[in-house]
Amino acid sequence: MSRAVGIDLGTTNSVVSVLEGGEPTVIANAEGARTTPSIVAFAKNGEVLVGEVAKRQAVTNADRTIRSVKRQMGTTWTVDIDGKKYTPQEISARVLQKLKRDAEAYLGEPVTETVITDPAYFNDAERQATKEAGEIAGLNVLRIINEPTAAALAYGLDKKKGDHTILIFDLGGGTFDVSLL
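Residue numbering for the sequence shown follows our numbering, beginning at -12 and increasing consecutively.
Next up, the structure:
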């Protein structure tokens, strides 16, 4: 059985991590960075570019480069590329596939299971769309977890003894969430 990875599918950047020795470890992508731009581009030669390579060519291929698709999750929005309509789930799946490949390269084993984060304000349709993106990417989505909750878990705040009131600030590239846990 493969280990599950945690994925923060962000508006601007995404991150994949795994538990090693009970501690979360962020997995560097193929380019050596700990974050991957949540950008997908369709090159004119038919190649699909994801992450940093998609970001680098965005200026010269703007009409075929999709960014911030997370804002469209759970809607009927589509983008037309060469006569094919892509949903937010399909675009997000490309980002998830890259994160999956990077995790597999790091771990040296197949990655089939994940937990994905969503903003606390996401509704059921947005959460379902995120789950569908994971499934399209070939992942079994074990759970969709609120980003502030994931942040609290990453800092080990669930292991503190006694009752605590915790204020979480999540300043992302496209959102700013504040949650009281």
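Ideal Cβ placement from N, Cα and C applies to all residues, glycine included.
>> Just to confirm, is the Cβ distance from A137 to T104 under 8 Å?
In response: The residue you call residue 137 lines up with position 150 of the sequence shown. The residue you call residue 104 lines up with position 117 of the sequence shown. In this structure, T104 lies closer than 8 Å to A137 by Cβ.
> alpha helix (DSSP H) containing K72: first to last residue?
Replying inline: As a first step, residue 72 must be located in the sequence shown, where it is residue number 85. Careful: K72 lies outside any alpha helix (DSSP H), inside the beta strand (DSSP E) at K71 to Y73.
> What's the call for A49, buried or exposed, on a 16-neighbour Cβ count within 10 Å?
Replying inline: Along the sequence shown, one-based indexing puts residue 49 at 62. When all chains shown are included, A49 counts as exposed.
> For A139 versus I123, is the C-beta distance shorter than 8 Å?
Replying inline: Locating residue 139 in the sequence shown gives position 152, where the first residue counts as 1. Locating residue 123 in the sequence shown gives position 136, where the first residue counts as 1. Not a contact, by the Cβ cut-off of 8 Å.
>> Since G86 and S1 should fall inside the 8 Å C-beta cutoff, what is the C-beta to C-beta distance between them, to a whole number of angstroms?
In response: Translated into positions along the sequence shown, residue 86 becomes position 99. Translated into positions along the sequence shown, residue 1 becomes position 14. According to the sequence shown, residue 86 is Leu rather than Gly. Right, the Cβ-Cβ distance comes to about 6 Å (below 8 Å), so this counts as a contact.
> Taking the alpha-carbon positions, what's the L6 to R(-10) distance?
Replying inline: As a first step, residue 6 is located in the sequence shown; it is residue number 19 there, counting from the start. As a first step, residue -10 is located in the sequence shown; it is residue number 3 there, counting from the start. L6 and R(-10): Cα-Cα distance of roughly 8 Å.
>> Quick test of your reading: G38 and I26, contact by CB under 8 Å. State the CB separation rounded to the nearest angstrom.
In response: One-based indexing of the sequence shown puts residue 38 at position 51. One-based indexing of the sequence shown puts residue 26 at position 39. Right, their Cβ atoms sit about 7 Å apart.
>> So T99 and L129 are supposed to be a Cβ contact under 8 Å. How far apart are they, rounded?
In response: Here the question's residue 99 lines up with position 112 in the sequence shown. Here the question's residue 129 lines up with position 142 in the sequence shown. No, T99 and L129 are not in contact; Cβ-Cβ is about 10 Å, not under 8 Å.
>> Quick check: V(-8) and A90, are their CB atoms within less than 8 Å of each other?
In response: One-based indexing of the sequence shown puts residue -8 at position 5. One-based indexing of the sequence shown puts residue 90 at position 103. Closer than 8 Å, so yes.
> What are the boundary residues of the alpha helix (DSSP H) that includes D67?
Replying inline: For the purposes of this step, residue 67 is taken as residue 80 along the sequence shown, with counting starting at 1. Segment V66 to I68 is the beta strand (DSSP E) holding D67; no alpha helix (DSSP H) there.
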